[in-house]
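Below: one structure, written as structure tokens.
In the numbering used here, the protein residues as written are -5 to 134.
As structure tokens, this is what we get:
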């Protein structure tokens, strides 16, 4: 649940400026002091933390559990059928999600998901390029 936080805004001196009214008349606004204020807003969380990027995979999207236990030909067939049903971009996205999920726990499955995503992406019009993520590296 989003909690509310109190924001305290400092008072400050505002410079004078010239404003234009609707009728085109110019009006001078003199310098003034803006009073400090306190108000409540919804906590937006840590900077850069937005909504979850990877949506949960639909149950049985890639033939149900045991997708990687099947033969390679069967895996390809399921992946290409999924691409025809929901589109190449979404099917590649699902395979990429599996690739990321399995990266640390089961590298073999991760590599197979990457391989399949490349095949699916490369066989459709527009050929979306899929690369193995390099992670965050410091530039030297």
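The beta carbon of each residue, even a glycine, is placed where N, CA and C say it ideally should be.
Can you tell me which residues form a DSSP beta bridge with residue i?
i: residue 3; result: 31
i: residue 21; result: 13
i: residue 8; result: 26
i: residue -2; result: 36
For chain C, is any of its Cβ atoms less than 7 Å away from the one on residue i?
i: residue 94; result: Structure shown: chain C not included; a single protein chain is present.
Is it right to say residue i is buried, meaning 16 or more other beta carbons lie within 10 angstroms of its own, or is it exposed?
i: residue 61; result: buried
i: residue 108; result: buried
i: residue 73; result: buried
i: residue 82; result: buried
i: residue 104; result: buried
i: residue 169; result: Since the first residue of the chain shown is -5 and the last is 134, residue 169 is not available in this structure.
i: residue 38; result: exposed
i: residue 67; result: exposed
i: residue 76; result: buried
Whose C-beta lies closer than 6 Å to the C-beta of residue i among residues of the same chain, with five residues either side of it excluded?
i: residue 12; result: 20 and 22
i: residue -1; result: 37
i: residue 96; result: 103 and 104
Between the Cα of residue i and the Cα atoms of the options, which residue gives the shortest distance?
i: residue 111; options: 56, 9 and -2; result: 56
i: residue 138; options: 1, 28 and 53; result: Because residue 138 is not part of the residues shown, which for the chain are -5 to 134, the question remains open.
i: residue 71; options: 28, -2 and 117; result: 117
i: residue 3; options: -3, 31, 24 and 18; result: 31
i: residue 27; options: 5, 16, 38 and 18; result: 5
i: residue 100; options: 84, 18, 16 and 63; result: 63
Can you list, in chain order, the residues of its chain whose CB lies under 7 Å from that of residue i, leaving out five sequence neighbours each side?
i: residue 33; result: 1
i: residue 25; result: 7, 8, 9 and 10
i: residue 89; result: 73, 107, 110, 111 and 114
i: residue 14; result: 20
Would you please state the rounded distance, in angstroms, between the beta carbons of residue i and residue j? I believe it to be under 8 Å.
i: residue 94; j: residue 115; result: In fact, because the Cβ distance is near 16 Å, the residues do not count as touching under 8 Å.
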